[in-house]
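For reference, the structure is listed below as structure tokens.
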Amino acid sequence: MNPLATLRTLALAPPRLAYALWTALAFLGVGLTALLLLAVLPDVARRRAAARAAARTFLRLAAMPLTVRFPEHIPPGQCVVVCNHASYLDGIVLTAALPPRFGFVIKREMAAVPLAGAVLRRLGSEFVERFNRQRGAADARRVLRNASNGHSLVFFPEGTFTRTPGLLKFHTGAFATAARAGELSSRSAIAPMVRCPCPPHAQAPGAHDQAIARNPVSTLLFLIAVMVSASIHAARGGIQHPQSSCRLARLGAHRDELLRKPPP
Numbered sequence: 001m002n003p004l005a006t007l008r009t010l011a012l013a014p015p016r017l018a019y020a021l022w023t024a025l026a027f028l029g030v031g032l033t034a035l036l037l038l039a040v041l042p043d044v045a046r047r048r049a050a051a052r053a054a055a056r057t058f059l060r061l062a063a064m065p066l067t068v069r070f071p072e073h074i075p076p077g078q079c080v081v082v083c084n085h086a087s088y089l090d091g092i093v094l095t096a097a098l099p100p101r102f103g104f105v106i107k108r109e110m111a112a113v114p115l116a117g118a119v120l121r122r123l124g125s126e127f128v129e130r131f132n133r134q135r136g137a138a139d140a141r142r143v144l145r146n147a148s149n150g151h152s153l154v155f156f157p158e159g160t161f162t163r164t165p166g167l168l169k170f171h172t173g174a175f176a177t178a179a180r181a182g183e184l185s186s187r188s189a190i191a192p193m194v195r196c197p198c199p200p201h202a203q204a205p206g207a208h209d210q211a212i213a214r215n216p217v218s219t220l221l222f223l224i225a226v227m228v229s230a231s232i233h234a235a236r237g238g239i240q241h242p243q244s245s246c247r248l249a250r251l252g253a254h255r256d257e258l259l260r261k262p263p264p
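Here the numbering used here is used: the first residue of the sequence shown is 1, the next is one more, and so on.
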């Protein structure tokens, strides 16, 4: 083992502990403020705006800069956003990155999690059953009805995330919802996004050392980037499957590009 690396690790342990405590306190402070606002604000639009402000504030306090590339690709009207699932921070990151008109489609198990379930319900999230076919079909019809009525939704079509690089198999719910909503309203579109955490081991050569030089106390030395690809319009007749597959396959290429070349 490299003695210099060991000494450096030992020297950075106290400031990194201080940073971890600061981040925990920041999350607690911002989180409690957000909970209070979510409890008293009367409508979903205001609650989502408060959640967006809280997410952005936390990322700033935690020294985790967020970059959104090509936000102009997000359609101004109703649309379905599909994004790769990279970490437990995804909900906070996309809440900070997207306009507050978006609601999240989340596995129903989260509704039973203390506090988290209540928060998600106050934000107008859609819960879907993954294991019971009959209940899952009813949830899918409800999500489709809301999308057809003009609600913009966010899906993580992989359903989960792992430490293995690359994308997992996509579930079809997001694409079926967008296609069917497009047939009913002629306004729906899919906006592919890629969320890239840029962890230290995946950053460009030298980027991690430069980050340490700028902020040696951080234990979460990575840049958070979100890239929005051009939207796929679900006009009458539904989304064309070859086009969808080609466009959405680019998520993996975008992610690899972001991993190799973190934003400045």
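Glycine is no exception: its CB is placed at the ideal position from the N, C-alpha and C atoms. Predicted, not measured: the structure shown is a model, and the values here were computed from it.
When the alpha-carbon of C79 is set against those of P192, M227, A225 and V226, the nearest one is in P192. The beta carbon of V68 is closer than 6 Å to those of A97 and V226 in its chain, skipping five residues each way along the sequence. In the assembly as shown, F70 is an exposed residue. Its beta-carbon has fewer than 16 other beta-carbons within 10 Å. Per the Cβ contact rule, the region 85-97 is in contact with the region 44-63 (3 or more Cβ pairs under 8 Å). For G136, the uninterrupted alpha helix (DSSP H) run begins and ends at R133 to S148, by DSSP. Taking each of V154, T164, H171 and P114 in turn and checking the Cα distance to G124, the smallest one comes out for V154.
For the options A189, R195 and N149, the alpha carbon positioned closest to that of F161 is the one of R195. Counting along the chain, V40 sits inside the alpha helix (DSSP H) bounded by residues P3 to V40.
DSSP places I92 in the uninterrupted alpha helix (DSSP H) bounded by D90 to A97. For L120, the uninterrupted alpha helix (DSSP H) run begins and ends at A116 to R122, by DSSP. Within the model, the alpha-carbon separation for V30 versus P157 is close to 29 Å. Between the alpha carbons of F131 and L12 lies a gap of roughly 46 Å.
When DSSP states are grouped into helix, strand and coil, F156 belongs to the coil group. The continuous beta strand (DSSP E) containing A225 extends over residues I224 to V228.
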